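I have placed the structure first, in the form of structure tokens, so that the comments after it can refer back to it.
Residue numbers (full-length UniProt numbering): 1 to 321.
Here's what the structure looks like:
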């Protein structure tokens with residue numbers, strides 16, 4: 001137990017360092033933007049005196065490190081700054097980020113279900129026709145870009161003119177699950193499927209490899225040779241041990257899926273982080289782009305920290321190090 005606490009403590013100690021590094025990187029990169037915040041806020045007709053007063057009032061003339069320190073202090077209190085239109089970015093993110101998280105995790109959940117089933121079947125029927133078919137399917141899924149698949153899904157299954165599908169091609173207004181579960185599932189099905197398919201292809205290969213390696217271990221042959229039915233050995237021991245490795249990959253896949261969700265939201269007109277960052281880019285609003293980038297990056301770090309902790313908890317070999 002002391003080893004477990006120590007390993008978790010190391011990851012928690014590393015968390016502030018990673019958060020600081022990511023925040024600094026995003027802040028420095030965005031500081032090189034050619035956009036003039038004062039000009040964007042006041043308009044082209046603003047006088048030089050008005051522009052200078054705006055820069056002084058918003059500390060735009062301060063040194064970079066001073067502005068970064070002020071930003072960190074605000075970030076510690078949940079303040080991501082203000083857009084050039086005067087709206088607090090934290091309020092924008094509070095409305096958009098939960099939608100992106102829901103889309104990401106539903107897509108990953110579907111991917112994990114299919115990947116686990118297909119990976120186990122492929123390993124149990126190694127080098128047989130079932131394995132060959134699943135291998136082709138997983139490679140095809142892995143090679144399919146999410147945005148291209150999203151367009152195909154709209155063409156095949158959405159309610160576009162001339163189509164016969166029942167799913168909306170564009171989400172005109174986001175309906176939460178608590179208000180109308182049927183409408184919610186209907187509007188999120190195609191976007192989540194577009195995220196799930198490529199991730200399922202990747203995870204299927206990982207599950208299959210981990211299962212094959214575990215099935216070749218001596219304890220499996222010993223247990224089966226001792227008269228224990230193979231299905232019991234697989235269910236009680238092989239499956240539990242084999243899924244430890246895919247768990248480590250899952251953290252990265254969640255991060256990639258979150259990045260992909262930003263693009264999928266643009267295609268389906270879902271008002272999540274994708275719409276928000278697009279709004280910032282088209283308006284040349286550096287503060288919005290910076291706030292969204294930092295939020296997504298911090299979420300990626302936190303998710304991977306949680307996955308690392310789960311890996312430590314479920315893997316007794318790591319706990320004994």
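C-beta: ideal position from N, C-alpha, C; glycine also.
Predicted model, so just to flag it, every value in this text is computed and none were measured.
* residue 71 classed as buried or exposed, judged by whether at least 16 other C-beta atoms fall within 10 angstroms -> buried
* Asked: Three-state secondary structure (DSSP) at residue 158?
  -> strand
* To do: Grab the span of the alpha helix (DSSP H) containing residue 139 for me, first residue to last.
  => 129–142
* Asked: Got a sec, what are the start and stop residues for the alpha helix (DSSP H) residue 216 sits in?
  -> Counting along the chain, residue 216 falls outside any alpha helix (DSSP H), and DSSP gives it neither H nor E.
* Asked: Since residue 273 contacts residue 109 with CB under 8 Å, what's their CB separation in whole angstroms?
  -> Actually they do not touch by this definition, with Cβ atoms about 19 Å apart.
* Hey, is the stretch 235–250 in contact with the stretch 204–221, meaning 3+ C-beta pairs nearer than 8 Å? -> yes
* To do: Give a yes or no on whether 8 Å exceeds the smallest Cβ distance from residue 206 to chain C.
  => Any reference to chain C falls outside this structure, which holds one protein chain only.
* What is the residue span of the alpha helix (DSSP H) that residue 246 lies within? -> 244–268
* Asked: DSSP beta-bridge partners for residue 82?
  -> 88
* Boundaries (first-last residue) of the alpha helix (DSSP H) holding residue 167 -> Note, residue 167: premise wrong, no alpha helix (DSSP H); not H, not E.
* What are the boundary residues of the alpha helix (DSSP H) that residue 52 is part of? -> 48–57
* So does the stretch 138–152 actually touch the stretch 266–281, counting three or more Cβ pairs closer than 8 Å? -> yes
* **Bounding residues of the alpha helix (DSSP H) (the contiguous stretch that carries residue 45)** => Here residue 45 belongs to no alpha helix (DSSP H), and DSSP marks it neither H nor E.
* DSSP-derived helix/strand/coil call for residue 228 -> coil
* To do: Please work out which residues of its chain come closer than 6 Å, Cβ to Cβ, to residue 323, disregarding the five sequence neighbours upstream and downstream, and give them in chain order.
  => Shown here, the chain extends from 1 to 321; a query on residue 323 therefore has no answer.
* **Of the listed residues 91, 115, 122 and 125, nearest to residue 141 (C-alpha basis)** => 115
* Is the beta carbon of residue 146 sitting closer than 8 Å to the one on residue 205? -> no
* Asked: If you draw a straight line from the C-alpha of residue 243 to the C-alpha of residue 56, how long is it?
  -> 56 Å
* What number of angstroms, rounded off, separates the C-alpha of residue 302 from the C-alpha of residue 47? -> 45 Å
* Residue range of the alpha helix (DSSP H) that residue 66 falls in? -> 64–76
* Have a look at 263, 282 and 54 and flag the residue whose alpha-carbon is nearest the alpha-carbon of residue 103. => 263
* Residues of its chain near residue 261, where Cβ-Cβ distance is below 8 Å and the 5 sequence neighbours each way are ignored -> 100, 103, 104, 107, 191, 195, 272, 273 and 274
* Give the DSSP-derived three-state secondary structure of residue 207 in the structure shown. => helix
* Asked: By how many angstroms is the C-alpha of residue 135 removed from the C-alpha of residue 292?
  -> 37 Å
* **Cut-off 6 Å between Cβ atoms - residues of its own chain near residue 11, not counting five sequence neighbours on either side** => 305 and 308
* Among 89, 49, 258 and 45, which residue has its Cα nearest to the Cα of residue 289? -> 89
* Asked: DSSP on residue 285, reduced to helix/strand/coil?
  -> coil
* To do: Tell me, to the nearest whole angstrom, how far the beta carbon of residue 22 is from that of residue 297; I am working on the premise that it is less than 8 Å.
  => 5 Å
* To do: Could you tell me the distance, in whole angstroms, from the CA atom of residue 246 to the CA atom of residue 80?
  => 34 Å
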